Amino acid sequence: MRQILLFGGSFDPIHNGHLEIALSALKQTKAEEVWFVLAALSPFKEDAPPFEARASMVKLMINPYKRLKLCTIEQTLPIPSYSIDTITALKKQHPEVSFSWLIGSDQIPDLPKWKNYEALCEMVKFVVYPRPSHTYHHAFEEIKGLTYDISSTDIRNGRSLDTSPKILNAMMEHGLYLKLITQSKMSEKRFKHTLRVTELALELAKHHHIDENRVYLASMVHDWCKEWDKKDLEIEMKKINPDLLKLHPALYHGFAAASVLSKHYYVRDKQVLNAIRGHVSGASTSDIGMILYIADKCERGRDYDSEPLIVLSKKNLRAGFKKVKQESKRYRGQ
């Protein structure tokens, strides 16, 4: 019989630790393949990416490895799906396969509480991978020499980048976890401003039939570095291009945010990056650049009535952009 090792999880998102576990398990067990069994999250879980988005990220991670596969069976099962239900369905689909189940050592104390645990033990063999600070006596096969301390939560919250560059890029391109990452980079006041900017930017994008994903990305990221220390901004500007230090310091944070997005999340969309760089001065005259500039200056939390400018921008984006620029110069006394 074929030997298949199942590795279940929400993979929200999948990270380098998950990959290391799967590859180590292939080397140390008799399994021919490891199947990533993607959990179907509750539809009531706030900000949870859809199943298809998480599945796509798993595929990006495992694509180079022929013996790693994605298993989507839990998408077809009722929520919550228990391990016993998953393995029963898999055995029905693949009667020629002998399945093992890969679990973390942190799960060992709760194993007896799993639904129909005794029946489950008759259907699968458990294989354990070690988790930091979770050492328990057990009789299961164990993956040796493997330790990792990587958290999907930290990646979602912007505290870790420990996953594939392709996944980091996909997170930005599709707006996955972007709200959480943005919130982690600024004060609550700045975050509320960012949300208002994004709301108006998307309103304008929808009105003018402009790519909302790209507008969402530029809007959410534009102030990532607004609250950086002055010295840190100067250091970042020097790394980007020392000549940029000749610009007014009020412009620095836009260049820094675009740099972080490009270096850390591998975004190469020139219009998005230029829109972020130029959102203070209005230097970017692409549709995305004009929308971000207008939204930043006219978001409805400002202490002036920006509605006439918003109406004009909906009627004619470029005319609205020019008018907002004029009003901004007049406000600054230029």
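The sequence shown begins at 1 in the UniProt record's numbering and counts up one residue at a time. By construction, the Cβ of each residue, glycine as well, lies at the ideal position given by its N, Cα and C atoms. Given the structure is predicted, the values throughout are model-derived calculations rather than measurements.
Which residues bound the alpha helix (DSSP H) around residue i?
i    : result
S56  : 51 to 62
T285 : Neither: T285 is in no alpha helix (DSSP H) and is coded neither H nor E.
A201 : 188 to 207
F321 : 317 to 331
E299 : Unbroken run through E299: none, as it is neither H nor E.
D232 : 230 to 240
G145 : Element bounds for G145: n/a, residue is neither H nor E.
E173 : 165 to 173
I155 : 152 to 156
R277 : 270 to 277
H15  : It is not in any alpha helix (DSSP H) - H15 carries neither H nor E in the DSSP assignment.
D85  : 83 to 93
Y265 : 252 to 265
Q183 : 178 to 184
Output the distance between the C-alpha atoms of residue i and residue j, rounded to the nearest integer angstrom.
i    : j    : result
L204 : I291 : 7 Å
L41  : P78  : 11 Å
M237 : A256 : 7 Å
N213 : K226 : 22 Å
K192 : K66  : 45 Å
M123 : R159 : 39 Å
K69  : M57  : 12 Å
E299 : Y265 : 27 Å
A119 : D110 : 16 Å
K144 : P130 : 8 Å
V34  : K246 : 54 Å
L168 : S262 : 10 Å
N63  : L38  : 15 Å
H222 : V280 : 9 Å
P112 : D154 : 29 Å
R241 : R268 : Note on identity: in this sequence residue 241 is Asn, with Arg being the wrong assignment. If you take the alpha carbons of N241 and R268, they lie about 18 Å apart.
E173 : M61  : 16 Å
I108 : S152 : 21 Å
K314 : L26  : 57 Å
C121 : H94  : 18 Å
A258 : N316 : 27 Å
E32  : C71  : 15 Å
S24  : F36  : 14 Å
L244 : K59  : 40 Å
Tell me which residue opens and which closes the beta strand (DSSP E) that residue i is part of.
i    : result
F126 : 125 to 129
S98  : 97 to 104
G8   : 2 to 9
K30  : Run containing K30: none; DSSP gives neither H nor E here.
L68  : 68 to 71
Should residue i and residue j be called a contact, given that it needs their Cβ atoms to be closer than 7 Å?
i    : j    : result
A22  : F11  : no
I73  : A89  : yes
V260 : W224 : yes
L176 : P80  : no
M1   : S98  : yes
K115 : I84  : yes
V272 : L217 : yes
L200 : A295 : yes
F51  : Q75  : yes
K323 : L312 : yes
Using CA atoms only, rank isn't needed, just tell me which of the options is closest to residue i.
i           : options                : result
T285        : T76, L244, A319, M172  : A319
R156        : K297, Q75, M171, V272  : M171
Q3          : S100, F321, A25        : S100
R302        : K185, L217, A31, R190  : R190
I310        : L245, H208, E33        : H208
K30         : L60, F126, L176        : F126
D287        : K246, L38, Y331, S219  : S219
K270        : V215, K323, F36, K92   : V215
I210        : G289, L312, K144, L111 : G289
P13         : K314, A53, Y82         : A53
I106        : V128, Q93, H94, C121   : For the record, residue 106 in the displayed sequence is Asp; it is not Ile. For D106, the nearest C-alpha among the options comes from V128.
G104        : F140, M61, P95         : F140
A283        : Y117, F321, L102, E142 : F321
K91         : L5, I108, K59          : L5
Y82         : K59, G9, E142, E96     : G9
residue 402 : L102, H94, D243        : Lying before the first or after the last residue shown, residue 402 is absent from the chain, which here runs from 1 to 334.
Got a sec: is the Cβ-Cβ distance from residue i to anything in chain C below 7 Å?
i   : result
S98 : Protein chains in the displayed structure number just one, and chain C is not present.
Are the stretch 273 to 292 and the stretch 176 to 185 touching, with three or more C-beta to C-beta distances below 8 Å?
-> Under the 8 Å Cβ criterion, the stretch 273 to 292 does not count as touching the stretch 176 to 185, having fewer than three qualifying pairs.
Examine the Cβ distances between the stretch 140 to 152 and the stretch 8 to 23 and report whether three or more of them are shorter than 8 Å.
-> Touching, yes, given that three or more Cβ pairs across the two stretches are closer than 8 Å.
Give a yes or no on contact between the stretch 200 to 214 and the stretch 160 to 171, applying the rule of three or more CB pairs nearer than 8 Å.
-> Not touching, per the Cβ criterion.
Does the pairing of the stretch 293 to 308 with the stretch 316 to 330 give three or more beta-carbon distances under 8 Å?
-> yes
Given 8 Å as the limit, is there contact between the stretch 243 to 262 and the stretch 228 to 235, that is, 3 or more CB pairs closer than that?
-> yes
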